[in-house]
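Right, one structure below, let's go through it.
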Amino acid sequence: MNKTLIVSALSAGLLLAGCQSVNTTSGGAVGVERKQYMFSMLSTAEVNQMYAQSYQKSMGEAKAQGVLDKTSSDAKRVQAISSRLIAQAPVFRPDSAQWNWEVNLIKSDELNASCGPGGKIIFYTGLIEKLKLNDDEIAAIIGHEIAHALREHGREAMSKAYGIEMAKQGAGAIFGLGQDSLALADTVANYGMTLPNSRGNENEADLIGLELAARAGYDPNAAITLWNKMAKASEGAPPEFMSTHPASSSRIASLQAAIPKVMPLYQQAKK
Numbered sequence: 001m002n003k004t005l006i007v008s009a010l011s012a013g014l015l016l017a018g019c020q021s022v023n024t025t026s027g028g029a030v031g032v033e034r035k036q037y038m039f040s041m042l043s044t045a046e047v048n049q050m051y052a053q054s055y056q057k058s059m060g061e062a063k064a065q066g067v068l069d070k071t072s073s074d075a076k077r078v079q080a081i082s083s084r085l086i087a088q089a090p091v092f093r094p095d096s097a098q099w100n101w102e103v104n105l106i107k108s109d110e111l112n113a114s115c116g117p118g119g120k121i122i123f124y125t126g127l128i129e130k131l132k133l134n135d136d137e138i139a140a141i142i143g144h145e146i147a148h149a150l151r152e153h154g155r156e157a158m159s160k161a162y163g164i165e166m167a168k169q170g171a172g173a174i175f176g177l178g179q180d181s182l183a184l185a186d187t188v189a190n191y192g193m194t195l196p197n198s199r200g201n202e203n204e205a206d207l208i209g210l211e212l213a214a215r216a217g218y219d220p221n222a223a224i225t226l227w228n229k230m231a232k233a234s235e236g237a238p239p240e241f242m243s244t245h246p247a248s249s250s251r252i253a254s255l256q257a258a259i260p261k262v263m264p265l266y267q268q269a270k271k
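The structure is reproduced here in structure tokens:
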């Protein structure tokens with residue numbers, strides 16, 4: 001085994017040694033059951049607090065620039081849809097009922113949205129205006145983003161970064177590697193550990209988001225029309241949203257396969 005591979009293996013070993021296995025959510029009807037490993041010295045509360053501070057700063061800047069939309073019909077629309085989805089979040093994660101959820105609409109041509117740790121939602125008007133989204137499609141986006149927060153994908157990524165950094169420092173001490181070798185080992189570890197999980201995280205968010213929308217009374221089939229619109233919008237220069245949420249035939253196929261699992265929940269919610 002060469003030194004780069006040893007560092008990659010050491011990274012995984014240190015990550016597991018400093019982490020604890022957690023179940024952030026229940027599996028739901030869609031069956032998301034993957035075990036997650038979180039760095040034991042990086043708590044949920046700490047990550048939520050760090051993000052809340054960043055979120056408040058960003059919203060303050062948006063308000064100062066006159067792009068924080070609190071009163072328009074679209075702002076009320078996004079808030080109403082989000083509220084219905086948030087009400088379903090405890091199905092997957094009971095403690096989310098105590099989160100300090102926030103929802104804000106930003107006036108921007110950017111095609112983007114997010115839900116950070118602790119339930120901090122940002123939605124950009126460009127999504128609604130450029131893609132001409134209906135309520136079900138907006139719910140598909142917000143449900144997907146809420147799912148990332150419920151699964152603590154942000155904390156999970158930070159935990160992996162800790163493991164990689166620990167491995168880099170530890171390997172340097174053990175093998176006396178130079179900075180170039182360590183940088184290469186860092187890259188190998190990053191691609192070996194982070195990229196596959198990133199794809200997995202997106203699939204988890206797709207599935208949980210689909211179920212959240214269905215439980216809230218939004219047509220799960222809208223996820224298909226949404227990603228088709230996203231794919232069309234990405235022709236040429238891909239929008240920011242597509243850089244982290246790639247639309248693909250496999251993604252749409254996965255959603256189509258899961259829709260029958262959540263359709264009864266949607267039909268029940270519509271009664």
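Numbered as in our numbering, the sequence shown ends at 271 without a single skipped number. In this text, a Cβ means the ideal position worked out from N, Cα and C, and glycines have one as well.
Taking C-beta atoms under 8 Å as the contact rule, Ser-43 and Cys-19 fail to qualify, at a distance of about 12 Å. The alpha-carbon separation between Ser-96 and Ala-269 amounts to approximately 21 Å. The alpha carbon of Asn-100 has as its nearest neighbour, out of Ala-52, Asp-69, Arg-84, the alpha carbon of Ala-52. As DSSP reads the structure, Val-103 sits in a beta bridge with Ile-121.
Sequence-distant Cβ neighbours of Asp-136 in its own chain, meaning closer than 6 Å and more than five residues away, are Tyr-218, Asp-219, Ala-222. DSSP, reduced to helix, strand and coil, places Asp-219 outside both helices and strands of the structure shown, so it counts as coil. Leaving aside the five residues that flank Ile-122 on each side, the residues in its chain whose CB is nearer than 7 Å to its CB run, in chain order, Asn-104, Ile-106, Ala-113, Ser-114. A Cβ-Cβ separation of about 5 Å places Leu-85 in contact with Leu-212 under the 8 Å criterion.
Between Ala-233 and Leu-133, the C-beta spacing is not below 8 Å. For Gln-268, the enclosing alpha helix (DSSP H) begins and ends at 249-269. Here Leu-210 is not near Gly-119, since their CB atoms are 8 Å or more apart. If you ignore the 5 residues before and after Ala-62, its C-beta comes within less than 7 Å of the C-beta of Leu-68, Ile-106, all in its own chain and listed in chain order. Across the set Gln-36, Glu-102, Ser-58, Ile-224, the C-alpha of Glu-102 shows the shortest separation from the C-alpha of Ser-83. When C-alpha distances from Leu-226 are compared across Arg-215, Leu-207, Ile-252, the shortest belongs to Ile-252.
With distances taken between CA atoms, Ala-214 lies nearest to Ala-140 out of Ala-140, Gly-200, Glu-202, Glu-152.
With contacts defined as CB atoms closer than 8 Å, Arg-151 and Ile-208 qualify as a contacting pair.
Per DSSP, reduced to three states, the secondary structure at Leu-68 is strand. Nearest to Ser-21 by alpha-carbon distance, out of Pro-260, Ser-72, Arg-34, Val-91, is Arg-34. Closest by C-alpha distance to Tyr-124, out of Ala-147, Ser-250, Ala-64, Met-59, is Met-59. Each residue's CA atom was taken as its position, placing Glu-129 and Asn-228 some 16 Å apart. Contact between Val-30 and Ala-258 is confirmed by a C-beta separation of about 5 Å, below the 8 Å threshold. In the structure shown, the three-state DSSP call for Gly-31 is coil. Relative to the Cα of Gly-200, the nearest Cα in the group Gln-88, Ser-254, Ala-231, Gln-267 belongs to Ser-254. Distance between Lys-76 and Lys-70, taken at the CA atoms: about 7 Å. C-alpha of Ala-147 to C-alpha of Asn-203: approximately 10 Å in a straight line. Inter-residue distance for Asn-48 and Pro-117 is about 5 Å (C-alpha atoms, whole angstroms).
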